[in-house]
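Comments concern the structure below.
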Amino acid sequence: MVFGERYFNIHRIMFTILGLWPYQKQKILRIQAVFFSSVFFSLVCFQLTPLVTTACDVECIIKKVSYICITSVYILNYYSFYFNARTIKQSLEHMQLDWKMLENKNAMKILEEYIYEAHLFTLIVLILVISGVSVFIIFECIPVFLDVFLPLNESRLRKTEISFEYFLDDQQYFFLYVIHEFIGLLIGLSSMSITGSYLLVIATHTCAVYKVASNLMQGTVTEHVLQIPTPQRMYFMYNNIRLSVHIHRRNMKFIDGILLSLQFWYFPLVIIGVVSLSCVFFR
């Protein structure tokens, strides 16, 4: 599978890690899904407990609700791909078939140009996510570092940005809070970035195929074609028009199928995302 190996290697690795790769064994997928679901729902659960156990003013409630909404977005986004594994598999096979069908050098050049940009974008986003989460956690651990290198009579206050309630001493078990926050953020943002970039790959691939279809239609009648003997010219023109229409109809059906599969998940996801952003701006 040359196409997949060249341009879907990052997605294959990340989807395999997250339990979203449709070619994995079902037992392994279920085990991974249970693990990641446990992480996501534990984040929501332990973010909700402070609302019950501690007194909060309006600003505090808005802050906690915004983070809970973000976690809910992670969950919906993850399950939108997990429960649509068949659709993801079909989309991979669809794009691979396009590459086999369009063997013309000009068409291949257009497809590679478009898909390379999406591939590069995926790589950059993943690097930014991993480095960003790591830097964020390091900043939260600054009080610990200062206690080691510049100690005071008392330990500095340690606090995570996202408030959790484990019913444990948050100063003594600070690293438990940090590790849970780090794992949740890394999994959530990684799943968001890799699924989002995959949808971008589908969009860029579709644009590239439409451009190929447009070039085929434009190349149907040229000065060079008009100089070809009539039987060959008619066959060439018919073949170009037929292939162009077939490509166009095939991609329309492909995009409709993707949208139909994901709209059930992305509609509430967008609503929750808007609520979360509203809370952030209100703060």
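Residue numbers (full-length UniProt numbering): 1 to 283.
Glycine included, C-beta positions come from ideal geometry on N, C-alpha and C.
Remember, it's a predicted structure, so these values are computed and weren't measured experimentally.
Between which two residues does the alpha helix (DSSP H) holding residue i run?
i    : result
N215 : F174 to Q218
F139 : K105 to E140
Distance, Cα to Cα, residue i vs residue j?
i    : j    : result
V209 : L260 : 21 Å
N9   : D147 : 43 Å
G4   : F40  : For G4, the predicted model reports a pLDDT of 48, less than 50, meaning its position is unreliable and no value from the coordinates is stated.
L123 : A55  : 43 Å
P268 : I202 : 22 Å
V129 : L120 : 14 Å
E103 : L97  : 11 Å
H11  : Y198 : 7 Å
T206 : N251 : 7 Å
L126 : M14  : 10 Å
L18  : T49  : 27 Å
E59  : R158 : 21 Å
Y177 : F264 : 34 Å
F35  : I62  : 29 Å
K105 : T204 : 18 Å
M1   : Y7   : Here the model assigns M1 a pLDDT of 46, short of 50, so the residue's position is not dependable, and the following value carries that caveat. Looking at the two C-alpha atoms, the distance is approximately 10 Å.
S66  : F281 : 10 Å
L200 : A118 : 7 Å
S38  : Q90  : 28 Å
I137 : K64  : 19 Å
W99  : Y116 : 14 Å
D256 : M108 : 24 Å
F254 : H94  : 8 Å
E181 : D57  : 23 Å
Q218 : I110 : 15 Å
R242 : P231 : 16 Å
R30  : S214 : 43 Å
I187 : I75  : 10 Å
S190 : K27  : 23 Å
I183 : Q32  : 14 Å
Y114 : I142 : 43 Å
N240 : M101 : 13 Å
Please look up how many angstroms separate the CB atoms of residue i and residue j, rounded, as I've assumed it's under 8 Å.
i           : j    : result
C69         : I272 : 5 Å
residue 288 : E140 : In this structure the chain extends from 1 to 283, so residue 288 is not present and cannot be described.
T71         : Q47  : 7 Å
S278        : V73  : That belief does not hold up - the Cβ atoms of S278 and V73 are roughly 13 Å apart, past 8 Å.
L185        : V144 : Not a contact, Cβ separation roughly 18 Å.
L262        : S80  : 6 Å
Within the stretch 19-98, note down every full alpha helix (DSSP H) run reaching 4 residues or more, in order along the chain.
You should have 26-53 and 58-82.
Give a yes or no on contact between the stretch 199-217 and the stretch 166-178, applying the rule of three or more CB pairs nearer than 8 Å.
No: fewer than three Cβ pairs fall under 8 Å.
Do the stretch 183-194 and the stretch 138-156 make contact, defined as three or more Cβ pairs closer than 8 Å?
Cβ pair count under 8 Å is below three, so no.
Looking at C-beta atoms only, is the number of pairs between the stretch 83-101 and the stretch 16-29 that lie closer than 8 Å three or more?
With the cut-off at 8 Å, the stretch 83-101 and the stretch 16-29 touch.
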